[in-house]
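Colleague: Supplied in structure tokens, the structure appears directly below.
Numbering (my numbering), first residue to last: 16 to 297.
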């Protein structure tokens, strides 16, 4: 081949790296660098993955130096590869620095950081980051994360499952939220409240009330966060009688002192459904 384009060089680096020929991938990368062919994000990413598979941090840092002189220093694909390199080479502080500087993150960068913490014995940090990932995720990414949870988690984690319920509920995927809820080995007040909130937000007021009643039957005591969620659910569904009953239970049965948000919810219930005179009581 008399002339080799960037695409050709990159395809070689990628092909070697992808198939486990890391030395060959780096040799090709060095050759293209010597003759002045400028790498793109895919060339750099593939070369960095070759370094990662060989645990060759020094060579990776050399490539990182080239990246910092280019316009690709903030490229998602390149940054994710750098996070993965430093994390797997046990340089968590450097990995974290790059990770925190990223304006957006993909599942590769999240997994690299979480895996780095987990492998080095920082289980609490790994779990904290995992939950942060779920909260920050889009629905598509969230589904990928959920699949990883099912695959990798050796035991159920209530906080993780609560975050999944919250993610699906906010995205309008109520059946998915319900499935996570039903499959939980243990549920706390947050679990119940998260699903109640999901029902309420999307207009399923009767289901929210039914879940609240089931929660009571199972012996869990709703808290001061549960009740605004219930009142909001009633407001959206026009359940004025049920809203008043919930408010009275909160005060009389559970001795929770009403706050401004509770009164505001009740006013909203009656004003929304044209019972303005009753709203004046609150």
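Virtual Cβ for every residue (Gly too), placed ideally from N, Cα, C.
1) Please look up how many angstroms separate the CB atoms of residue 261 and residue 220, rounded, as I've assumed it's under 8 Å.
2) Which whole runs of the alpha helix (DSSP H) in the stretch 112–167 are 4 residues long or more, in chain order?
3) Which same chain residues end up closer than 7 Å to residue 290 when comparing Cβ atoms and leaving out the 5 residues on each side of it in sequence?
4) Where residue 76 and residue 107 are concerned, what is the direct C-alpha to C-alpha distance, given to the nearest angstrom?
5) When the Cβ atoms of the stretch 229–238 are set against those of the stretch 187–201, are three or more pairs found closer than 8 Å?
6) Alpha carbon to alpha carbon, how far is residue 216 from residue 242? Give it in angstroms, no decimals.
7) Since residue 62 and residue 41 should fall inside the 8 Å C-beta cutoff, what is the C-beta to C-beta distance between them, to a whole number of angstroms?
8) Considering only their Cβ atoms, is the gap separating residue 149 from residue 178 smaller than 8 Å?
9) Does DSSP classify residue 28 as helix, strand or coil?
10) According to DSSP, is residue 271 helix, strand or coil?
11) Counting C-beta neighbours from all protein chains within 10 Å, is the total for residue 17 16 or more, i.e. buried, or is it exposed?
Modeller: Reading off the structure:
1) So it is not a contact: roughly 11 Å between Cβ atoms.
2) 122–134, 138–151, 154–167
3) Here the model assigns residue 290 a pLDDT of 48, short of 50, so the residue's position is not dependable, and the following value carries that caveat. Closer than 7 Å at the Cβ level, and outside the excluded window around residue 290, lie 255.
4) 14 Å
5) no
6) 14 Å
7) 6 Å
8) yes
9) Per DSSP, reduced to three states, the secondary structure at residue 28 is helical.
10) Residue state for residue 271 is assigned as coil, using DSSP reduced to three classes.
11) In this prediction, residue 17 has a pLDDT of 37, which is less than 50 and means its spatial position is unreliable; nothing more can be read from the coordinates.
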